[in-house]
Every structure is written in C-alpha cells, then in structure tokens.
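Once you know that position 670 of the sequence shown is 674 in my numbering, the rest is easy, because the numbers rise by one and skip nothing.
Idealized CB from N, CA, C, for every residue including glycine.
Right, one structure below, let's go through it.
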Amino acid sequence: MERLLDGLWNPILGGFVLCAGLLVMLGTGLLPLRRLGLAPKRWRAGSPSAAAVLLAASASVTTISAAIAAVSIGGRGALVWMWIASVLGMGLHFAEAKLTRQSGTDGVASPAFAYPVIAVAVVAGGLWQGSQVAALGSASLSLPAAASVGVVIGLALLCMRVRSLTTLGVVAMPVLGLGLFTVVAALAAFDDPFKLQLALGDAVNEAFGLQSAATGTVGGALASLIAAGMLRAVTAANLGVGAAGASTALDPEATPEQAGASAMLVPLLVVGLVSTTAGLALLTSPGDAPLADGKLYPLERHESRGLRPSKKVGQTVVLPENTPYEKGQHYAMRLRADPRGHKMAKLLSKENAVILPAWTISEAADTVSFRAREPEKAKHAAWDVHIPCTRELFGGKEGSPQFVRLTPKDESVVFTELIQFYELDPAPYVNVGDFHWVGAVAMANSPDEALGEHLAMFQWRDDDTPFDPKLHEFFRNGYRGPYPDTDEPAPPWTFIAAEDFDAPLDSRVALEVSPDPRGVDALRLNRVGKAEGPPWNAMLEVHEFVLRHPTDATQDIRVPVAARLDGFRVRFDVLDPAWQDFRKLATMEGFTGPYAVMDDVTFEAEVHGDTRLPLEAKDRRSLVPLDTDPRPMGPGTRGLVDPHPAELIAVGYGPPHRPQGDLAALARVLEAKQPGFGGMAFGIAALLMAAGSVLGWALLVAAPARRALGDGGATALPLVVCLAPALGLVLAQDLVESLAILAASVAVLPVIATIVLKFAELRRSDAP
C-alpha cells in the first residue's frame, strides 16, 4: 500500500488536488458548505440513489488501507490533514457532480471521461478490492484468500443480477460494514481515554509544527509533513476520481445543486467513520512486540572452536568436541570469502592498476573495492565503492610468479582520484573466491589446560597443492570457516524468532524494521562539512536531519534537506541557510549528529526450523530475509539498492516486528482490544464493505460504458467489475499496485482539470 501511495500521490499531483479543492471552497464563497442542507433530500430508498452508490464505492477496504498508511507514514498529524482533505474533497465532489448535471449528460461531463471512470471501476472497484481482501482474510477470519475473495464476488454478483436485491445490497452492505467497523474501531480507540487524549493533542501539535516552531524549523517540518502525511490523507479522504460525476446518471431528477450536495457528504462520512476511527485505533495501540532480537546469525556452523599454531604443520584448527571428523582422515574443506572483498592486493597509482598473485582464489577476480576512510564506517558494507575491472595476466616467465593486473573497465575512472573524491581508504580489496583445501585430522596437545589433548585439523599439502596463500593468511584476512566443501551456495543470515513465535514452517511473513524517531546514524560528513549517505533507495526519501540534544529530545534541532544521487553517494542539499556546514556542530556542547530521519522498511522472511541455529536457540524458528543477498555486501556496482536488514540494524533500526501500516496490523489491534470479537468483526465488516464497493462501482460504470462502448459495454463492463477481484487474487501485489496507480492517475487529472477550467461556470449557481 505504501508503494501505491508513493507512486500516485507525488507533491505536484497531491498539491494540485488540494489546491483545486481549496479553490472551489474559497472561490465560490463556501458554496458547497452552504448547500449542505440539500444533501439528505436525495438519500432515498426504493432505488439505488446516486448518493448511496457513491458511498458504497467510496467506503471500501482501500479507504481503510489509505487511512492506515496516512497515520503510519505521516504520523499523528495526518489525522488533522485527513479532515482538511475531506473538507476540500467535499468541495470537489460538489463541483464534479454539479457540473456533470449542468452539462445535461447521462453520467459523465464529457465522453473523454468515460474511459478513466471505466479504468478505475475495474481496477480500484474490483481488482484492488480483491487484492486487499485476500491479504486480510487470514489475518482476521482465518479464511483462505480464495474464500474471502469468493465471498466478495458472490455477494456482488448476487446483488447485481437480482434486481430486487440491488438496492438492498448497495445500501445495506456498505452501511452494515461501515457501522460494524466504526463500532469496533471506536471501542479500540476509546479503550484508553488518556492515551486517546494524548494522541489527539499530539495530532494537532504535529500537524501544524508547534514543536518545530520552537526550534525555528517550522518550514522544514511542514514540508516533511506535507510530503509524508497530507498526500496520503488525500487518498484516505477519497476525493472522487470521476465517481461523483458518474453517479449522477442514477439520479436523473436531481437538480445540479442537489446532485452536488448529496455527493459531497461522502468524503465527510467516509473520513469521519472510517479513516479517523481506523487511525485512532492504531495510534492508541501499544504496537506489536518484536519478533526477534534484532541480530542476524549465519545459518552455517563452522567446524572450529579456535586456532592454534604448530611448528610442524603451521596453522591448525581446534575441532569441536562433538566433531564428526576422525583422526587420520582427510576431508574436503572450504573457507568462505567475504563478498565485500579481501585486502590481498596492491595499488599501483601510476599505472592506475591493482595487482595480486595469480592464486587459484583469484582466477575470477574482476572487481576492486575500496572502503570508507573512517574506521567505524569501514565496518559497514554500505559505504564500499566497487569498480568493475578488466583482468590481465602477466609474469610467469622462467619460473617467476604470475600476477593478475586489474584496471577499470571505465577508462574515465582513476583509482587515486576516486579515493580522494569519496574520501576512501587507499587500501584495495579484491573479490577473491572461496578457498578449497584438504584438511587432515590429527591428535594434538596444547599447553592450554582448557584444551589439553584435542583433535586438530591442518592443511594437507603435497606437490599437487594449488598455488594459494598459507592457511593462516586466510584467517588473518577475514575468511570464515572452515566448513565442509559442498556444492551448496553459502547459506543466508537469519533472525532468531521470539520463543512464542510458531508460524508454520516454510510460510512467509511480512516483517518491518523501524528507525529511531530521532534519526539513525547512517550519514557521514565530508571534508567541507556536507552530509552524505550510502546509495540506498530509502536514503533518497530522507527530507530531514536531526541534531540531537544530549538530554532533552524536545530540544533537538531539525534541519530540512533535499536528497540527490551523486555517483556512489546520496548527497544532501540543506534547505536551512544556518546549516550549510555541519562542522560547527562540534562547537555546540553535547549536540551530536546529523542523524537521518528515515522511514520504516518492510521485507518478507521465510520461516524455517532450528536445524542450523545455535544450541541455545533450540526449538525456535528462524526468519530468513528474502529477495536480498545472503550476507551484507553493500551496493556493489548496482547503483541504488535496498539495503540488507543487517545494514539497517547496524545504523540504528530496531528489531523486526510485524508491519504497523497494513490491514493485518489493524486486525491484530482490534482483536487484542476485543478478544474473540474485534478481529472477526473487522473481517466481516471488510467483506461487506468490499462487496458493496464492487457493487457500487459496477453500477457506476454502466453509464460511462454505454457512452464509450454502447449497450453491450453497459451490460458487460459491470460484470467484469464484479469478477475483477478474482484477478486481484491471482496477480502479483506489485502489478495490482501499478495498475491502480495508472487507473487512478488517468482519472484524477482530467476530472480535476475540468473543474478548474469550468470554475467560472461553477460560480454562476442558481438558488435551489
């Protein structure tokens, strides 16, 4: 859902929508509010009225998702902006429905609007509802995704095909769903009146930057709020995208004023009953406990409990007491290379080349890496710079050693200039491979009383042993192991789940890691006092730095910034003239920073057993992050990347927990506050609202479909809308989101543009 909102509600589009609503309200002298008294006259029984159908289409599961996203991404202040957006949305609904009725068409203001409305009906009304309900079914009702979607399709089709049930369905399902959800969400929100009072107070303070005003950065606070909260609130307010205009075809007797008035109640009711209660229920919840301890472990046990030198055989590995290896036997072993590279080469500055011996482990070496100059930053892969190189063999004549020369593939890259520009450690690291060797097992004696007589492994060398460094050099250079030499790839790193976590093996769970609200230590200052960060996608979303006060968080200094990618770094343009050089922070006693204010990061993990976990984690689950590198390896040569969870935790993110900004999170909150009732009630309400929304869009699409495709389209398109949730179940979530972005975008822009262009016509309004 967050990706959907990020893609759709950008500052330009969101600002255009809200400004259009403000124009309608103020430019007409608050005409929509003055006509509010006409609204109830068109809310009638006996046929699917325009207002009832519009409410059904708007009060959907998607609206709940948008409300959750608004408060989880934008914070408490988004609650206030949801109400602001809803009032402005009332003006847009009024204008859209009134102009459509004034035009004398049978459902849309012009033929061009038919196609956007059809697109939104199929995608948002059908496909997106199915995708959301599929994700919610198991969380609230323990139903398979297919069963939840089947209920929605069945109810919508039944009410669509049986005329006597159409009005009942389009009115009863949304009203029952809205009522049930409002009750259960309100009970959760009012469960702790004191926490509710604090949440509402914080919402007002955060919305208008009162805390930031005290520190002189109100401009930056409001800019961040608008980007992260208000635009999500626009979605939560459900501003129409043509639905208000299309709904007028269902109420041909209404005057333009009455059509506009009845339509504009919808955003008020939807935000008041759905968005606000959903947001407050989340804000007053204690949140989920961490699912793991915030540390990642390698899922590979090395066959060692220490290293001991020997005058006879060189480096030895002290084998575990319960080792399966036997005295006098030989075994194929492996030492794992670090994907960040190893410091086993030499930089030739004048030749712009890096050389290393032509070992077996360097047969595939083709990348030179440099690490950050600062020792602490050098520990983190995120700051590495990797340069693809051309390899060339030289030497090896008359028994002399052979070497590998690595030069940049991009001839414009000069190693020394790169080191200086990015302030890197000049020592090169090369992506040498794993070390394969033959381990011989023997009995050894140690003067260490804790060891005494023990089994040890050493490297067996003979005339056929390949040309490679000695065993002790590998351990000194950061190789891991030893491990049995198999054809299996390196196992990934994993979280160890909490003791009470018992999800089924091989299932997938969504996890989220959250940053410190005072920012994370993911930045460095360059030589001129400018801040820069690693090339993470999330780093480009940073809009604010925090300069931490030593004891009082309320006295932190918040600095607005704008991020941009510059080669291997994300650099920041500081929007506050007072902080163009962060080196002056050293003169401010106790203050530290800057710290980057970053968003939560969500990822999927697969559930496994305890087979490879440490003995102390017996009977616990392991949570293996998916769609990422097995181990942290930095950005490599890939440009912008999503960081490994271990990299996020290293800079100050907390331990993984269940996502707080989705429907499943709200279901857990409601169930926790009303055990045995809350989650189930939410599930039933969601099914009713989803079915009502699909039915509402199916009815709305008939008139535009007739204009665009004829009578056949008016028959076929509503049926397609009713069946579309099944496609939402099948399609990948990312594709569903992309289609929803496209559908909503092509609808919002022409509708809002028409309202702005016909503003003068809107002002010439006759009295009812």
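Close Cβ partners of residue i (< 6 Å) along its chain, the five nearest in sequence each way excluded
i       : result
Gly-223 : Caution applies to Gly-223, whose pLDDT of 46 falls short of 50 and renders its modelled position unreliable; the model cannot decide the point.
Gly-682 : Val-188, Leu-674 and Glu-675
Ser-142 : none
Arg-767 : Thr-32
Ala-702 : Met-164, Pro-722, Val-725 and Cys-726
Ala-566 : Asp-577
Pro-629 : Phe-607, Ala-609 and Pro-649
Span separating the alpha-carbon of residue i from that of residue j
i       : j       : result
Ile-653 : Ala-349 : 31 Å
Pro-473 : His-612 : 37 Å
Ala-73  : Asn-530 : 35 Å
His-334 : Pro-538 : 45 Å
Asn-326 : Met-337 : 18 Å
Leu-691 : Leu-161 : 14 Å
Gly-643 : Pro-432 : 20 Å
Pro-302 : Arg-512 : 19 Å
Val-698 : Glu-545 : 34 Å
Asp-623 : Phe-499 : 14 Å
Val-417 : Thr-596 : 35 Å
Thr-469 : Met-461 : 17 Å
Leu-733 : Ser-62  : 21 Å
Arg-465 : Val-442 : 8 Å
Asp-520 : Trp-87  : 28 Å
Ala-176 : Gly-129 : 18 Å
Gly-50  : Gly-665 : For Gly-50, the predicted model reports a pLDDT of 47, less than 50, meaning its position is unreliable; a value from the coordinates is still stated below. Looking at the two C-alpha atoms, the distance is approximately 39 Å.
Ala-730 : Ala-151 : 10 Å
Exposed unless 16 or more other CB atoms sit within 10 angstroms - verdict on residue i
i       : result
Asp-388 : buried
Lys-299 : exposed
Asn-573 : Note on residue identity: the sequence assigns Arg, not Asn, to residue 573. Per the 10 Å Cβ criterion, buried.
Thr-104 : buried
Asn-435 : buried
Asp-577 : exposed
Ser-266 : buried
Arg-711 : buried
Glu-457 : exposed
Asp-556 : exposed
Asp-510 : exposed
Phe-549 : buried
Arg-568 : exposed
Met-447 : exposed
Met-592 : exposed
Gly-220 : Reliability of the predicted coordinates at Gly-220 is poor, the pLDDT of 42 falling under 50, and the value obtained from them is presented with this limitation in mind. Label assigned to Gly-220: exposed.
Close Cβ partners of residue i (< 7 Å) along its chain, the five nearest in sequence each way excluded
i       : result
Ala-771 : Note on Ala-771: pLDDT 47, under 50, position unreliable in the model; the coordinate value appears next. Around Ala-771: no qualifying Cβ.
Leu-59  : Pro-178, Val-270 and Leu-273
Phe-478 : Leu-339 and Phe-439
Lys-383 : none
Leu-455 : Val-322
Ala-368 : Gly-437
Phe-505 : Leu-295 and Arg-625
His-306 : Arg-484, Gly-485, Pro-486 and Tyr-487
Tyr-119 : Ala-712
Tyr-426 : Val-389, Phe-572 and Arg-573
Pro-405 : Pro-361 and Gly-399
Glu-330 : Val-445
DSSP-derived helix/strand/coil call for residue i
i       : result
Met-5   : Because the pLDDT of Met-5 is 45, which lies under 50, any placement of that residue in the model is unreliable, and the number read from its coordinates should be weighed accordingly. Coil at Met-5, not helix or strand.
Ala-444 : strand
Gly-399 : strand
Asp-206 : helix
Asp-646 : coil
Arg-409 : strand
His-97  : helix
Lys-677 : helix
Gln-697 : Per the sequence presented here, residue 697 reads as Ser, with Gln not at that position. Residue state, collapsed to three classes: helix.
Leu-300 : strand
Asp-715 : helix
Leu-40  : helix
Contacts around residue i, its chain only, beta-carbon distance under 8 Å, and the 5 residues preceding and following it disregarded
i       : result
Ala-341 : Ile-365, Asn-435, Val-436, Gly-437, Asp-438, Phe-439 and Tyr-483
Arg-672 : Ala-143, Asp-292, Arg-662 and Gly-683
Fully enclosed by the segment 322 to 378, which beta strand (DSSP E) runs are 3 residues long or longer?
-> Counting whole runs of 3 or more residues, the segment 322 to 378 contains the beta strand (DSSP E) stretches 334 to 340, 350 to 352, 357 to 361 and 371 to 374.
Starting from the N-terminal side, write out each stretch of the beta strand (DSSP E) that is 3 residues or longer and does not extend beyond the segment 466 to 546.
-> 484 to 488, 497 to 501, 512 to 517 and 535 to 537
Fully enclosed by the segment 578 to 619, which alpha helix (DSSP H) runs are 4 residues long or longer?
-> none
At what residue ranges does the segment 115 to 181 contain a whole run of the alpha helix (DSSP H), taking only runs of 4 or more?
-> 118 to 124, 132 to 144 and 149 to 165
If you scan the segment 256 to 293 from start to end, which runs of the alpha helix (DSSP H) of 4 or more residues do you find wholly inside it?
-> Taking 4 residues as the shortest admissible run, the segment 256 to 293 contains the following complete alpha helix (DSSP H) segments, listed from N- to C-terminal end: 260 to 274 and 280 to 287.
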